[in-house]
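One structure below.
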Amino acid sequence: MAYPQAAQPAVASPPPAKVILTSADLHRVVDRIAHQILEKTQGADRTVLLGIPTRGVPLARRLADRIRTFEGVEVPVGVLDITLYRDDLRLRATRAVGHTEVPSGGIDGQRVVLVDDVLFSGRTVRAALDALSDLGRPSSVQLAVLVDRGHRELPIRADYVGKNIPTSLTESVKVTLAESDGADEVKLIGGAAQ
Amino acid sequence: MIKHLLSGADLDAETATLILDTAAEMATLAGREVKKLPTLRGRTVVNLFYEDSTRTRISFEAAAKRLSADVINFSAKGSSVSKGESLKDTALTLQAMGADAVVIRHPASGAPHRLANWIDGSVVNAGDGTHEHPTQALLDAYTMRSRLGRLAGLHVAVVGDVLHSRVARSNVLLLSTLGAKVTLVGPPTLIPVDIATALAPGVQVSYDLDAVLPTADVVMMLRVQRERMADSYFPSAREYARRYGLDAPRMRRLAEHAIVMHPGPMNRGMEIAAEVADSPRSTIVEQVANGVSVRMAVLYLLLGGRGAGAAQ
Amino acid sequence: MSSYLIRGVRVLGREWTDLLLRDGVVAETGPGLDPSGAQVIEADGLVALPGLVDLHTHLREPGREDAETVETGSRAAALGGYTAVCAMANTSPVADTAGVVEQVWRLGREAGLVDVQPIGAVTVGLAGERLAELGAMAASAAAVRIFSDDGFCVADPRLMRRALEYVKAFDGIIAQHAEEPRLTEGAQMHEGEVSTRLGLTGWPAVAEEAIIARDVLLAEHVGSRVHVCHLSTAGSVDIVRQAKARGVRVTAEVTPHHLLLTDELAASYDPVFKVNPPLRTAADVTALRAALAEGVIDIVATDHAPHAVEDKECEWAYARPGMVGLETALSVVLSTGALHRDGEPDWDLIAERMSRAPARIAGLAAHGHDPAPGAPANLTLVDPAARRVVDPGELASRSRNTPYAGTELPGRIVATFLHGRPTVLDGKAVK
Chain A
1 MAYPQAAQPA VASPPPAKVI LTSADLHRVV DRIAHQILEK TQGADRTVLL GIPTRGVPLA
61 RRLADRIRTF EGVEVPVGVL DITLYRDDLR LRATRAVGHT EVPSGGIDGQ RVVLVDDVLF
121 SGRTVRAALD ALSDLGRPSS VQLAVLVDRG HRELPIRADY VGKNIPTSLT ESVKVTLAES
181 DGADEVKLIG GAAQ
Chain B
1 MIKHLLSGAD LDAETATLIL DTAAEMATLA GREVKKLPTL RGRTVVNLFY EDSTRTRISF
61 EAAAKRLSAD VINFSAKGSS VSKGESLKDT ALTLQAMGAD AVVIRHPASG APHRLANWID
121 GSVVNAGDGT HEHPTQALLD AYTMRSRLGR LAGLHVAVVG DVLHSRVARS NVLLLSTLGA
181 KVTLVGPPTL IPVDIATALA PGVQVSYDLD AVLPTADVVM MLRVQRERMA DSYFPSAREY
241 ARRYGLDAPR MRRLAEHAIV MHPGPMNRGM EIAAEVADSP RSTIVEQVAN GVSVRMAVLY
301 LLLGGRGAGA AQ
Chain C
1 MSSYLIRGVR VLGREWTDLL LRDGVVAETG PGLDPSGAQV IEADGLVALP GLVDLHTHLR
61 EPGREDAETV ETGSRAAALG GYTAVCAMAN TSPVADTAGV VEQVWRLGRE AGLVDVQPIG
121 AVTVGLAGER LAELGAMAAS AAAVRIFSDD GFCVADPRLM RRALEYVKAF DGIIAQHAEE
181 PRLTEGAQMH EGEVSTRLGL TGWPAVAEEA IIARDVLLAE HVGSRVHVCH LSTAGSVDIV
241 RQAKARGVRV TAEVTPHHLL LTDELAASYD PVFKVNPPLR TAADVTALRA ALAEGVIDIV
301 ATDHAPHAVE DKECEWAYAR PGMVGLETAL SVVLSTGALH RDGEPDWDLI AERMSRAPAR
361 IAGLAAHGHD PAPGAPANLT LVDPAARRVV DPGELASRSR NTPYAGTELP GRIVATFLHG
421 RPTVLDGKAV K
């Protein structure tokens, strides 16, 4: 989920949309990140994947699935809901709290890889780091994202990036996944009319 | 989300379920090392208590503090209308202090409704006179759901002084909204007039506890004050206990899975026997723990956003 | 004394005519009267009624001058079309001596806006224990004929019997606030579905009906007159109907608010709707309207009960019961349609229920007379076509506790004359 949502341009016609990653591209990107995680974590030893809702969760599951396929390693997957840690709660109507699920082995002493779909301002990740520190003490924390669209507002960077997409603030990045939206695709929406 | 929580009737099934689900998430906090969330940092919650109720006040205080809200306890007990500050003047003071929420316990029915007219923040009714106590009903519903897995279709017997019970009114409203069937049981003197139609359709009334017990999934015993004897609501504590008290032989009439609840504080030996209160069927201790989770959920849903609006 | 020519008015809604008021009486009537020497008041489209008479008004003076005074209450009455009001005895000190009733009577004369007829307390201090000096009050300058502990019931049956008997000596009447106190301890509103829902202690209808039933039997037994204040339930109507059929000398009043409002309004917990007896159910309202039209209920009386802001801007249970009503009474009665015939106001019936009958019960000889040659010039002019939205800030009463704030009501008092002099002109008090 892109966060905060980029302002939509005030035009009457539907904003132009451009496909950045097709379904096939998206699968290749996930495969690559899975390989990179294996490489940088010495075969995913003592590693836990925590997906950030909504779309970080199926992405984390896919990564775990690819890692199992590639090396036969079972990586624990959990869910880290960050709603109660957000710094923008007062800007919107009350959000429903999601479910946080820590794998049975816990996260103390583990290498935690946070997984999200889009990295934008960095505030979601900041909230995730706060939430994580209330849950336990990992040995280290890494970040995997499908898309990095720039415009960071905090000193945060990703360890694994599927694709860097330079964007304008008037544009938004729309990720859809088969699990949550019926199809795999990444689109760039809006921006100056051509 | 609603702006205030004044009555069980303020909650439709969707909102009530959202509160219970949120409370379930809040409950996971209890097992963590760090039991605090930063969510309501910078928000001010005032506990405005015109009656002594240590357990309710502490429960709200713990809930607000676990969400990092600033908590101000304002005990107004003893400040009678004649000599103390009026509720309206107190409201203006709290307004000036920037209270984001006021949790009010008051001996006069409807006092929270009046307060809500006078302040901009949210008002949470923590028990008003003989009217309502909606967070108690929410924690009761939460307790039933966690013990029995569901609310829809449950048969809940609410037993005792229904006439003077704010817990009973809120429970009837909320449980009916969530699809449970409620039977009110007590001596006719303690069952309010027109109760079967006043609160929710389908509410049953019985004067015979023994007849109700075998089909009940939940028996909720209400506190009965001994002073009611003086007003001839019943002849004696002994007769009351014999007809409407839950003792061990009566408990054996319950179905295997049925649970026994009590909002506390209990009169052991009056409405409930010690061996019932301490039995595995009893949820009395859980109710206290669940109270904090439910009140966290309520405070989050009232204060966790820009203002009144639907949760996304 | 100046004279006034009211031109083109419809007396009791009949054919238009002129009315010449001179020397405190209606001097002449008929179309096309000579206006010379008289101040002319154009009354095209207006209806003339005998000045309204309120048998039940709380003027609060002496004691609670912050809520109302004889003068402010009189002005409110004049603006409501009243030329006489009966001032209830629950002042501080209580009007239970000749001294207090004479004080109220004198204050009324000084204000000069309506005839203020004091009511005396039945028992000393309204305590319900021993009779006040009823004879002294009757013999005073105030010439008290109505006695009432209103606010409290004369609950002791022996005391009530004695009071009913005693006042026969000077043709007095006991006006009973019918409320069995043991059945209404802590009561806040009508006992029923709404009180159960709101968790407010109920005021059961039977608490009123039991006292009315007892009192009509007592009045029958001792051959006295009894008047029932603010009758509020369908059951009370039945009891009074049966008593009248048996020949008991009972009269009854109903308030405008009991003819219009119901207990559902308590759901706001706004004490502006708290009143004693409480607002009842829609079924009671229907029965009261029918009984008023039929005559089982004899009169409309306001139970105008002003209260200071702090006595209403508080928790329901701590608020004082009562509503102001003088300035809205006729409009509220019109809005209920209770005294309509064929969809139009029956002005003759309205005059009967709001002027003639109350004047008869109270023994006010100068009031309750239709405008006709020789009759005292106590009358009011109503614009039946006007509508107005009630604004508490515009009330002449010192208090603001009207339950009709923001409500649009039909009818408007344009002018009121007391003993031939205007107290209200163009809808405004002249002083």
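Residue numbers (UniProt numbering), protein chains in the order written: chain A, 1 to 194; chain B, 1 to 312; chain C, 1 to 431. Ideal Cβ positions, reconstructed from N, Cα and C, are used throughout, including at glycine. Remember, predicted model here, so these are calculated numbers, not experimental data.
Original post:
Between which two residues does the alpha helix (DSSP H) containing MET221 of chain B stretch?
Top reply: Here residue 221 of chain B refers to the residue found at position 221 when the second sequence is read from its first residue. Not the alpha helix (DSSP H): MET221 of chain B falls in the beta strand (DSSP E), residues 218–221.
Original post:
Measuring CA to CA, which of C:LEU198, C:LEU20, C:THR97, C:GLU209 is closest to GLN176 of chain C?
Top reply: Here residue 176 of chain C is taken as the residue at index 176 of the third sequence, counted from 1. That would be C:GLU209, whose Cα lies nearest to the Cα of GLN176 of chain C.
Original post:
Listed from N- to C-terminal order along the chain, which residues in the region 274–285 of chain C have their beta-carbon within a distance smaller than 9 Å of any beta-carbon of chain B?
Top reply: none
Original post:
Can the beta-carbon of ALA377 of chain C be found less than 8 Å from the beta-carbon of GLY420 of chain C?
Top reply: Position 377 of the third sequence, counted from the start, is the residue given in the question as residue 377 of chain C. Position 420 of the third sequence, counted from the start, is the residue given in the question as residue 420 of chain C. Against a cut-off of 8 Å, the Cβ pair of GLY420 of chain C and ALA377 of chain C comes out as a contact.
Original post:
Is there contact between the region 281–293 of chain B and the region 134–147 of chain B, where contact requires at least three CB pairs shorter than 8 Å?
Top reply: yes
Original post:
According to DSSP, is LEU379 of chain C helix, strand or coil?
Top reply: Position 379 of the third sequence, counted from the start, is the residue given in the question as residue 379 of chain C. It is a strand residue.
**OP:** Please state if the CB of HIS133 of chain B and the CB of VAL103 of chain B are separated by a distance shorter than 8 Å.
**Re:** Your numbering for residue 103 of chain B matches position 103 in the second sequence. Your numbering for residue 133 of chain B matches position 133 in the second sequence. For VAL103 of chain B and HIS133 of chain B, no; Cβs fall outside 8 Å.
Original post:
Are there 16 or more other CB atoms within 10 angstroms of the CB of GLY99 of chain C, so buried, or fewer, so exposed?
Top reply: Position 99 of the third sequence, counted from the start, is the residue given in the question as residue 99 of chain C. Its Cβ having fewer than 16 others within 10 Å, GLY99 of chain C is exposed.
Original post:
Looking at the C-beta of LEU301 of chain B, does it have a partner C-beta in chain A at a distance below 8 Å?
Top reply: Within the second sequence, residue 301 of chain B is the residue found at index 301, counting from 1. Closer than 8 Å to some Cβ of chain A, the Cβ of LEU301 of chain B qualifies, so yes.
**OP:** Measure how close the beta-carbons of SER59 of chain B and LYS36 of chain B come, nearest whole angstrom, since I'm counting them as under 8 Å.
**Re:** Numbered from 1 along the second sequence, position 59 holds the residue referred to as residue 59 of chain B. Numbered from 1 along the second sequence, position 36 holds the residue referred to as residue 36 of chain B. Between LYS36 of chain B and SER59 of chain B the Cβ distance is about 16 Å, and since that is not below 8 Å, they are no contact.
**OP:** Compare the Cα-Cα distances from GLY32 of chain C to each of C:PRO271, C:LEU5, C:ALA234 and report the closest residue.
**Re:** Taking the third sequence and counting its residues from 1, one reaches residue 32 of chain C at position 32. Out of C:PRO271, C:LEU5, C:ALA234, C:LEU5 has the C-alpha closest to the C-alpha of GLY32 of chain C.
Original post:
Counting contacts by CB-CB distance shorter than 8 Å, is MET304 of chain B in contact with chain A?
Top reply: As a first step, residue 304 of chain B is located in the second sequence; it is residue number 304 there, counting from the start. The sequence as given places Gly at residue 304 of chain B; Met does not occur at that position. Closer than 8 Å to some Cβ of chain A, the Cβ of GLY304 of chain B qualifies, so yes.
Original post:
When the distance is taken between beta carbons, is THR281 of chain C closer than 8 Å to HIS190 of chain C?
Top reply: As a first step, residue 190 of chain C is located in the third sequence; it is residue number 190 there, counting from the start. As a first step, residue 281 of chain C is located in the third sequence; it is residue number 281 there, counting from the start. Contact: yes.
Subject >> Cβ-based burial, GLU256 of chain B [other Cβ within 10 Å; buried from 16] >> reply: Looking up residue 256 of chain B in the second sequence gives position 256. Classification for GLU256 of chain B: exposed.
**OP:** Measure how close the beta-carbons of LEU134 of chain C and VAL104 of chain C come, nearest whole angstrom, since I'm counting them as under 8 Å.
**Re:** As a position in the third sequence, residue 134 of chain C is number 134, starting the count at 1. As a position in the third sequence, residue 104 of chain C is number 104, starting the count at 1. LEU134 of chain C to VAL104 of chain C, Cβ: 16 Å. No contact.
**OP:** Verify whether the separation of the beta carbon atoms of VAL285 of chain C and PRO321 of chain C is less than 8 Å.
**Re:** In the third sequence, counting from the first residue as 1, residue 285 of chain C sits at position 285. In the third sequence, counting from the first residue as 1, residue 321 of chain C sits at position 321. Going by C-beta atoms, VAL285 of chain C is not nearer than 8 Å to PRO321 of chain C.
Original post:
Over what stretch of residues does the beta strand (DSSP E) that includes LYS18 of chain A continue unbroken?
Top reply: In the first sequence, residue 18 of chain A corresponds to position 18, counting from 1. First-last of the beta strand (DSSP E) with LYS18 of chain A: 17–21.
Original post:
To the nearest whole angstrom, what separates the beta carbons of ARG7 of chain C and ASP18 of chain C, a pair I think is in contact under 8 Å?
Top reply: In the third sequence, counting from the first residue as 1, residue 7 of chain C sits at position 7. In the third sequence, counting from the first residue as 1, residue 18 of chain C sits at position 18. Between ASP18 of chain C and ARG7 of chain C the Cβ distance is about 5 Å, and since that is below 8 Å, they are a contact.
Original post:
Whose C-beta lies closer than 8 Å to the C-beta of LEU198 of chain C among residues of the same chain, with five residues either side of it excluded?
Top reply: Position 198 of the third sequence, counting from 1, holds the residue named residue 198 of chain C. Excluding residues within five positions, the ones whose Cβ falls inside 8 Å are MET189, ALA266, ALA267, TYR269.
Original post:
Between the C-alpha atoms of VAL70 of chain C and HIS367 of chain C, what's the straight-line distance to the nearest angstrom?
Top reply: Residue 70 of chain C sits at position 70 when you count from the first residue of the third sequence. Residue 367 of chain C sits at position 367 when you count from the first residue of the third sequence. Answer to the nearest angstrom: the Cα atoms are 19 Å apart.
Original post:
Can you tell me the Cα-Cα spacing of LEU49 of chain C and THR201 of chain C, whole angstroms?
Top reply: Walking along the third sequence from the start, residue 49 of chain C turns up at place 49. Walking along the third sequence from the start, residue 201 of chain C turns up at place 201. Cα to Cα, LEU49 of chain C sits roughly 42 Å from THR201 of chain C.
Original post:
Under three-state DSSP, which class holds GLY78 of chain A?
Top reply: By one-based count along the first sequence, residue 78 of chain A stands at place 78. Strand.
Original post:
Just by C-beta distance, which residues in the region 313–327 of chain C are closer than 7 Å to chain B?
Top reply: GLU313, CYS314, GLU315, TRP316, ALA317, TYR318
Original post:
Using a C-beta to C-beta distance shorter than 7 Å, which residues of chain C count as neighbours of LEU130 of chain B?
Top reply: Start at 1 with the first residue of the second sequence, and residue 130 of chain B comes out as number 130. Residue 130 of chain B is actually Thr in this sequence, not Leu. The contacting residues are GLY199.
**OP:** Answer yes or no: does any C-beta atom of chain A fall closer than 8 Å to that of PRO38 of chain B?
**Re:** As a first step, residue 38 of chain B is located in the second sequence; it is residue number 38 there, counting from the start. For PRO38 of chain B, the answer is yes, since a Cβ of chain A falls inside 8 Å of its Cβ.
**OP:** With DSSP as the reference, please indicate the residues paired to TYR4 of chain C in a beta bridge.
**Re:** As a position in the third sequence, residue 4 of chain C is number 4, starting the count at 1. BP columns for TYR4 of chain C point to C:LEU21, C:GLN39.
Subject >> Helix, strand or coil at ASN73 of chain B [DSSP, three-state] >> reply: One-based indexing of the second sequence puts residue 73 of chain B at position 73. The answer is strand: DSSP assigns ASN73 of chain B an E or B state.
Subject >> Any beta strand (DSSP E) of 3 or more consecutive residues that is wholly inside the region 39–102 of chain A >> reply: 47–51, 77–79
**OP:** Give the single residue among C:THR262, C:VAL216, C:GLU220 whose Cα lies nearest to the Cα of ALA252 of chain C.
**Re:** To locate residue 252 of chain C, count along the third sequence from 1; it is residue 252. Here the closest residue by C-alpha is C:VAL216.
Subject >> Listed by chain order, chain A residues near ARG114 of chain B by CB distance under 7 Å >> reply: One-based indexing of the second sequence puts residue 114 of chain B at position 114. Residues of chain A passing the Cβ test: none, with the nearest at roughly 25 Å.
Subject >> CB-CB length for ARG43 of chain B against ASP100 of chain B, believed under 8 Å >> reply: As a position in the second sequence, residue 43 of chain B is number 43, starting the count at 1. As a position in the second sequence, residue 100 of chain B is number 100, starting the count at 1. Sure, about 4 Å apart at Cβ, within 8 Å.
**OP:** Tell me, please, whether the CB atom of LEU91 of chain A is closer than 8 Å to any CB atom in chain B?
**Re:** Position 91 of the first sequence, counted from the start, is the residue given in the question as residue 91 of chain A. Yes, because at least one Cβ of chain B sits closer than 8 Å to the Cβ of LEU91 of chain A.
Subject >> PHE49 of chain B - containing beta strand (DSSP E), residue span >> reply: Position 49 of the second sequence holds residue 49 of chain B. Its beta strand (DSSP E) spans residues 44–49.
Original post:
Helix, strand or coil: how does DSSP classify ASN125 of chain B here?
Top reply: If you number the second sequence from 1, residue 125 of chain B lands on position 125. Looking at ASN125 of chain B - three-state DSSP - the assignment turns out to be strand.
Original post:
Is the beta carbon of ILE221 of chain B sitting closer than 8 Å to the one on THR143 of chain B?
Top reply: Your numbering for residue 221 of chain B matches position 221 in the second sequence. Your numbering for residue 143 of chain B matches position 143 in the second sequence. It should be pointed out that residue 221 of chain B corresponds to Met in this sequence rather than to Ile. Contact: no.
Original post:
Assuming ALA84 of chain C and LEU260 of chain C make a contact with CB atoms under 8 Å, what is their CB distance in whole Å?
Top reply: Stepping through the third sequence from its first residue, residue 84 of chain C is reached at position 84. Stepping through the third sequence from its first residue, residue 260 of chain C is reached at position 260. Not really, about 24 Å apart at Cβ, beyond 8 Å.
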